[in-house]
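A.B. asks: If you read the protein sequences in the order shown, they are chains C and V. What the first sequence shows, in our numbering, is residues 1 to 122, in sequence order. What the second sequence shows, in our numbering, is residues 123 to 259, in sequence order. This structure is in structure tokens; I'll ask about it shortly.
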Amino acid sequence: MSEEQIRIAKDLLTEGVGLIAAAGYINNEGGQAIADAASELMDQGCKTLVIDLDGTRIINSIGVSILLEILEKLMDEKGRLAFCNLTPTIAKTFEIMGLVQYASVYPDRLAARAALEGHAAV
Amino acid sequence: MEVVLHLPVVPNAELVAAKAVETLGRALGMHQTQVEAASVAMVEACLNAMEHGGGPVTVRLRGDNHSRPCLVIEVEDHGRGFDPERAPRNSSSRVLGSTSKRGWGLTLIRELMDEVQIQSAPGKTVVAMRKYVESAP
């Protein structure tokens with residue numbers, strides 16, 4: 001599999017909290033793959049989503065704009081968005097584009113789970 | 123040491139340039155975080171050039187040690203050009219809730235690189251960027 005092709009896995013992190021693990025290039029295709037996984041988890045009743053970017057080192061603004069759309073969709077449903085395992089550059093990019101003003105950032109999946117457990121059943 | 127790339131306008135061609143940033147940045151002794159910041163800026167510059175340039179994009183990379191060691195990146199296209207002073211400076215407050223979330227390229231380039239110069243006229247635009255070398259710990 002080529003380095004740029006995104007690899008997506010989704011699961012339940014805890015009750016009501018969906019987890020999307022995304023590794024690869026987050027461009028328009030990568031962002032859309034994450035958005036599709038987010039929609040599926042929201043359809044299953046998840047109002048809180050954690051996007052784990054372990055293995056993602058390169059992004060572009062088109063991909064991040066799709067993440068902004070996921071954030072808006074969750075905010076419309078009174079849900080929450082969180083990220084974990086961000087590289088410093090991706091964290092800075094999210095800060096510049098305003099994602100971290102409305103989404104939570106955790107160092108890793110365990111920290112996200114510990115913080116979000118009990119907050120999901122809204 | 124200089125690397126010159128002529129990128130066709132095909133999906134993910136910008137990643138070839140990002141790979142060159144990674145290789146040259148490491149050769150110059152840049153910290154991984156700086157390499158990744160320069161790579162994202164490079165990707166944004168290439169995407170802008172491919173979208174607005176109307177044809178192949180030329181990328182030049184080199185190390186420069188004139189005042190401080192740095193990685194120099196130039197991205198050149200041959201589109202109609204633009205006025206850099208009038209280019210949008212996005213902010214998240216303008217983007218959330220808006221139907222259009224595009225237009226972040228120059229904002230990211232300016233924030234992620236140490237120096238940015240844009241020369242643009244009809245037929246030739248060059249975005250020149252510098253990232254100073256901060257050695258790996």
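Even glycine gets a Cβ: it sits at the ideal position worked out from N, Cα and C. Because the structure is a prediction, the values reported are computed rather than measured.
(1) Return the residues of the stretch 46 to 79 of chain C that lie within a Cβ-Cβ distance of less than 9 Å from chain V, sorted by chain order.
(2) List in chain order: all unbroken beta strand (DSSP E) runs of 3+ residues lying wholly within the stretch 154 to 211 of chain V.
(3) Alpha carbon to alpha carbon, how far is Glu4/C from Ala142/V?
(4) Closer than 8 Å, CB to CB, is Ile34/C near chain V or not?
(5) Tell me whether the stretch 128 to 148 of chain V and the stretch 157 to 175 of chain V touch, counting them as touching only if at least three CB pairs, one residue from each stretch, are closer than 8 Å.
(6) In chain C, which residues lie with their C-beta within 7 Å of the C-beta of Val165/V?
(7) For Lys47/C, collect the residues of the same chain with a Cβ closer than 8 Å to its Cβ; drop the 5 residues on either side in sequence, then sort them by chain order.
(8) Kindly indicate if chain C contains any beta-carbon less than 8 Å away from that of Val162/V.
(9) Would you say Asn134/V reaches chain C, if we count a Cβ-Cβ gap shorter than 8 Å as a contact?
(10) Just verifying my parser: in three-state terms, what is the DSSP assignment at Ala140/V?
(11) Mark Val126/V as exposed unless 16 or more other C-beta atoms lie within 10 angstroms of its C-beta, in which case mark it buried.
(12) Candidates Glu256/V, Glu233/V, His128/V: which alpha carbon is nearest Gly177/V's?
(13) Looking at chain C, is there any beta carbon in it that lies within less than 8 Å of the beta carbon of Ala159/V?
(14) Among the residues of its own chain, which have a CB less than 6 Å from the CB of Ala171/V, if the five just before and after it don't count?
(15) For the pair the stretch 34 to 45 of chain C and the stretch 86 to 98 of chain C, tell me if three or more CB-CB distances fall below 8 Å.
C.D. replies: The structure says:
(1) Arg57, Ile58, Ile59, Asn60, Ser61, Ile62, Val64, Ser65, Ile66, Leu68, Glu69, Leu71, Glu72, Met75
(2) 179 to 186, 192 to 199
(3) 15 Å
(4) no
(5) yes
(6) Ile58, Asn60
(7) Gly16, Leu74, Glu77, Lys78, Gly79, Arg80, Ala120, Val122
(8) yes
(9) yes
(10) helix
(11) exposed
(12) His128/V
(13) yes
(14) Val179, Val197, Asp199
(15) no
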